Structures are given as structure tokens and as C-alpha cells.
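Here the structure is laid out as C-alpha cells; the discussion comes afterwards.
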Amino acid sequence: MSTAPDITSVAPRDRAEILAQALPYIRRYHGKTMVIKYGGNAMTDPSLQQDFAEDVVLLKLVGINPVVVHGGGPQIETLLKRLGKKGEFIQGMRVTDAETMEVVEWVLAGEVQQDIVGLINQAGGKAVGLTGRDGAMIRARKLRMADQADPSREHDVGQVGDIVGIDPAVVKALQDDQFIPVVSPIGFGEQNESYNINADVVAAKLATVLQAEKLLMLTNIRGVLDKDMQLLTELTPRRIDELVADGTISGGMIPKIAGALDAAKSGVNAVHIIDGRVPHALLLEVLGNEPFGTMIRSH
Numbered sequence: 003m004s005t006a007p008d009i010t011s012v013a014p015r016d017r018a019e020i021l022a023q024a025l026p027y028i029r030r031y032h033g034k035t036m037v038i039k040y041g042g043n044a045m046t047d048p049s050l051q052q053d054f055a056e057d058v059v060l061l062k063l064v065g066i067n068p069v070v071v072h073g074g075g076p077q078i079e080t081l082l083k084r085l086g087k088k089g090e091f092i093q094g095m096r097v098t099d100a101e102t103m104e105v106v107e108w109v110l111a112g113e114v115q116q117d118i119v120g121l122i123n124q125a126g127g128k129a130v131g132l133t134g135r136d137g138a139m140i141r142a143r144k145l146r147m148a149d150q151a152d153p154s155r156e157h158d159v160g161q162v163g164d165i166v167g168i169d170p171a172v173v174k175a176l177q178d179d180q181f182i183p184v185v186s187p188i189g190f191g192e193q194n195e196s197y198n199i200n201a202d203v204v205a206a207k208l209a210t211v212l213q214a215e216k217l218l219m220l221t222n223i224r225g226v227l228d229k230d231m232q233l234l235t236e237l238t239p240r241r242i243d244e245l246v247a248d249g250t251i252s253g254g255m256i257p258k259i260a261g262a263l264d265a266a267k268s269g270v271n272a273v274h275i276i277d278g279r280v281p282h283a284l285l286l287e288v289l290g291n292e293p294f295g296t297m298i299r300s301h
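For the sequence shown, the positions run 3 to 301 when the numbering used here is used.
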């Protein structure tokens, strides 16, 4: 666990100035919902884990309503290897047979979710873990994945889900009672079967349904980079199409960008892809005035 930074050398006047600069952002976002996709290094580095939990609790304490949607790819991969099973991906989606689905549920709805809930509670918040089954929140069906090169072909990716609908009632009820919802991206089908759903897609759809002020997606890079590894601070639909066509956006970044763009087009006021490796990345984005990461625009 990391220790609190030593700020004894910072003059009281400077500390007050820092707090005062955050005031306009606190006022602007007070009472608003922010959906946060939590993944990457921020989930596996103990120091960054604590920073993330503290940021989420601070946002709640100043009147902002954070909703956390988490992934768990590295943790799933670790357990699969321990079981002698190799993970397989097609177009950025994990192929999920019945055995893999059991591992996904155990890791996401168990180990990973409870770690996040515990960290937030330890930091002074009141977090509650949810899956798509809780409150019948995420209804899903089997994903029909067309081949990118030949749309007439389909890939069978097993129990990977396509969202049919999201009922946010349980999330809103928890928010009203000052809890912080922590959502695992697992949905359920008509026959009560479980589906593994891409966490970026769940975060984007949930942000849309909640009409969130912001969707913040933590990644392991500074944002979206061009072929010269330069940060692209803004992306439009046309630019995204160009970057996918030339291979700049590929693999797991495709569903992330697609979900972000859908959310931006559906009324989420701001969608940002930010670097989760930076300490207190959430606060830097929400309560700062410097451009941070990549913003997705609807037009």
C-alpha cells in the first residue's frame, strides 16, 4: 500500500489555491454521473489501485456520482494458464467456451470485484459490487461477430454477449443511498445463461442509459496514438474510420473506440480515454483544466 504524499513543504496558501482551482469543476459536475471503465495497470499496480480508490471516493464526497465498470483480462489470463488453458482472441474479443465462462465469472464477479470494493471501502467510500444479473440489469444474447475483412463470414466466439438492454434501476437506487456501484461486465440471456461482455462496451452502454456527464476509460497508454506515437487529443467519427482502415486502431482498441463513439453520439457529454498509469489520473481529468488523454467527439 502506498503512503500519503508529503505535502509539508507546500505552503498553506498554495494548498488553498490548489483547492480553489478545483472549485469550478466541482460546481460544474455536482450531482452528475460519471461512468469509469477501470482496467489496465491501474488495476494491477498496488500504488495505482489505492490512488484510484481515493479518487473515486473524493469524487463521491464532493457530490459527483461515480459508477465503476471493471475489466479483468490479465487476471483471467493468469487463472486460465494455471488451469492449463490458453486464451484465444478474435478481433479483440476473448473466445469464451463454457469452461472459460466459469473462469470469467469466478474472476470478475469474485476476486477482482471484491478487491475493488474493498479498496474503495478502505478509502472511506461505500462500494457495492454488481453483475448484470443483479436487478436484472444487463440482458444479453450471443454475439454475432462478422469478419472485418469479409462481412459475409461470422466468427463463433462462444459465450460472448451482445447487450440487448440495460435496466439501470439498481444502480440509481444505490446512488440515491450514497453507495458507489462497481459493475462486472457479465450479462444473462433468455435461458438464464451467462455471457462475457467486453467491459468497454458495458461502460459505454451504461453511460448512455444513465445519461452520464462523462465516460472515462482508463488504459495503459496516454490515449490514442498515431503511427508516429503522438497523442491524438481529439477524434471525430471520420478520423476514427481512417485510423481503423490504416491499422492504427486495432485489436482490443477497436471495441473501446466503438463504444466510446456510440456513447458520444447518444448524449454522453464527454468521452475521454486516459492514461491509467498516471497517479490520480481521474482527478487530473475531472478537476483539471489541462488536456489529458484523447477526447472522442460525436461529429
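Think of the CB as a built atom: it goes at the ideal place given N, C-alpha and C, for glycine as much as any other residue. This one's a predicted model, so the numbers in the text were calculated from it and none came from an experiment.
CB of G225 within 7 Å of CB of N43, strictly
no
Roughly how many angstroms separate the alpha carbons of G120 and D136, rounded to a whole number?
19 Å
On the three-state DSSP scale, how would you describe F91?
strand
Among the candidates D178, A125, L145 and T46, whose CA atom is the shortest distance from the CA of G370?
Look at the range of the chain in this structure, 3 to 301, and you will see that residue 370 is not part of it.
Does the contact criterion of 3 or more C-beta pairs under 8 Å hold for the stretch 57-76 versus the stretch 19-32?
yes
With 16 other Cβ atoms within 10 Å as the buried cut-off, status of N198
Buried, because 16 or more other Cβ atoms sit within 10 Å of the Cβ of N198.
For the candidate residues S268, T238, A265 and L227, whose alpha-carbon lies nearest to that of I251?
L227
Which of the three DSSP states is assigned to T221 in this structure?
Reduced to three states, the DSSP call for T221 is strand.
Spatial neighbours of P170 within its chain, please: C-beta separation below 6 Å, excluding the five flanking residues on both sides.
For P170, where only same-chain residues beyond five positions count, the Cβ hits under 6 Å are V211 and L212.
Rounded to whole angstroms, how far is the Cβ of A142 from the Cβ of F190, which I believe are closer than 8 Å?
7 Å
Is it right to say D53 is buried, meaning 16 or more other beta carbons lie within 10 angstroms of its own, or is it exposed?
buried
Exposed or buried, T221, counting other C-beta atoms within 10 Å across all chains shown (16 or more means buried)?
buried
Selection from D99, A214 and L289 that minimises the alpha carbon distance to Q23:
Measuring from the Cα of Q23, the nearest candidate turns out to be L289.
Helix, strand or coil, according to DSSP, for S4 in the structure here?
Unreliable placement is indicated for S4, whose pLDDT of 45 sits below 50; the coordinate value is still reported in the next sentence. It is coil, neither helix nor strand.
Is N291 helix, strand or coil by DSSP?
In the three-state reduction of the DSSP assignment, N291 falls in the coil class, being assigned neither a helical nor a strand state.
The alpha helix (DSSP H) with P239 in it runs from where to where?
P239 to A247
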